[in-house]
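A quick write-up on the structure given underneath.
See the structure below:
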């Protein structure tokens, strides 16, 4: 079990630039989640994939955000035209997808984004 | 909507002191509850979880939590803390998504500092 991995771990960008983050879930985990954590707060849900299908999106996910999971394995989260308010830790989590709410999500180390 | 409240933002204890971190949630139905821990520079790790059964659950590193349904509480306890317990602690609850998966709703976290 290699755990959830994320790349890069840190990203500094200028306002208006595009950035892309990658998440590799635990192998054979069919569910993948993205969360965002700002300073002093707990993580907040952004979006969810069941295999390659994006099934849920939070209202926090503006039109500048897009996520993909093309082959049902790794996922990417892209932010276009970044704004200073996008500065946060972006967390990825995966699970094996038991029914209902009795699932345990395992988190990656996160990508810390700073928009100057 | 479900929510989680952690009333202690920062707790400072001496080594060997007993710990209790408060957590209250708002939801009238079946809940699944978690405590996650984030050590400095590390990713979120699952400390313990409650799905059903015995309301007193034991986790890793000597932590335990008690689910009290009548009080909507899931407080975290440890009889004797160590310097290595210095970390941020997040209480969380699962909320069902329309797609039958679930998202985690986190509290704002409690920073625990242990004086050696």
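Protein chains in written order, with our numbering: chain E, 14 to 129; chain B, 36 to 151.
Beta carbons: idealized from backbone N, C-alpha and C, even for Gly.
Short CB-CB distance (under 8 Å) between residue i and chain E
{"i": "residue 125 (chain B)", "result": "yes"}
{"i": "residue 132 (chain B)", "result": "yes"}
{"i": "residue 104 (chain B)", "result": "no"}
{"i": "residue 36 (chain B)", "result": "no"}
{"i": "residue 137 (chain B)", "result": "yes"}
{"i": "residue 143 (chain B)", "result": "yes"}
Neighbour flag for residue i against chain B, beta carbons, 8 Å
{"i": "residue 72 (chain E)", "result": "no"}
{"i": "residue 87 (chain E)", "result": "no"}
{"i": "residue 52 (chain E)", "result": "no"}
{"i": "residue 69 (chain E)", "result": "yes"}
{"i": "residue 29 (chain E)", "result": "no"}
{"i": "residue 61 (chain E)", "result": "yes"}
{"i": "residue 21 (chain E)", "result": "no"}
{"i": "residue 12 (chain E)", "result": "Absent from the model: residue 12 (chain E). The displayed extent of chain E is 14 to 129, so no value can be given."}
{"i": "residue 38 (chain E)", "result": "no"}
Distance cut-off 7 Å: residue i Cβ against heavy atoms of the ligand FAD
{"i": "residue 137 (chain B)", "result": "You won't find the ligand FAD in this model; it holds no ligand whatsoever."}
Bridge partner(s) assigned by DSSP for residue i
{"i": "residue 77 (chain E)", "result": "Looking at the DSSP assignment, residue 77 (chain E) forms no beta bridge with any residue, so it has no partner."}
{"i": "residue 131 (chain B)", "result": "B:137"}
{"i": "residue 156 (chain B)", "result": "Chain B is shown from 36 up to 151; residue 156 (chain B) falls before or after that span and cannot be answered."}
{"i": "residue 125 (chain E)", "result": "E:23, E:102"}
{"i": "residue 126 (chain B)", "result": "B:70"}
{"i": "residue 89 (chain E)", "result": "E:35, E:81"}
Scan the region 60-123 of chain B and note each continuous beta strand (DSSP E) run of 3 residues or more that stays entirely inside, going in chain order.
Restricting attention to beta strand (DSSP E) runs no shorter than 3 residues, the region 60-123 of chain B encloses them at 68-73, 80-85, 91-93, 99-103, 108-113, ordered along the chain.
Which residues of the region 83-94 of chain B have a Cβ closer than 9 Å to any Cβ of chain E? Give them in chain order.
84, 86, 87
What residues from the region 67-84 of chain B come within 7 Å of chain E, judged by C-beta to C-beta, listed N to C?
Interface annotation for the region 67-84 of chain B against chain E: 67, 78, 79, 81, 84, criterion Cβ-Cβ distance under 7 Å.
Any 3 or more C-beta pairs closer than 8 Å across the region 61-73 of chain E and the region 49-56 of chain B:
With the rule of 3 Cβ pairs closer than 8 Å, the region 61-73 of chain E does not count as touching the region 49-56 of chain B.
Between the region 117-128 of chain E and chain B, which residues of the former have a C-beta closer than 9 Å to a C-beta of the latter?
Cβ contacts with chain B come from 117, 118, 119, 120, 121, 122, 123.
State whether the region 102-114 of chain B contacts the region 90-106 of chain E, with contact taken as three or more CB pairs (one from each stretch) at a distance under 8 Å.
no
Report yes or no: do the region 57-72 of chain E and the region 61-72 of chain B share at least 3 C-beta pairs separated by less than 8 Å?
Contact fails: fewer than three Cβ-Cβ distances are below 8 Å.
Would you check if the region 104-122 of chain B and the region 22-38 of chain E touch, i.e. whether three or more CB-CB distances between them fall below 8 Å?
no
Cβ contact (3+ pairs, closer than 8 Å) linking the region 33-45 of chain E and the region 15-23 of chain E
Counting Cβ pairs under 8 Å, three or more are found: they touch.
What runs of the beta strand (DSSP E), each 3 residues or longer, lie entirely inside the region 25-84 of chain E?
32-37, 44-50, 57-63, 66-70, 78-81
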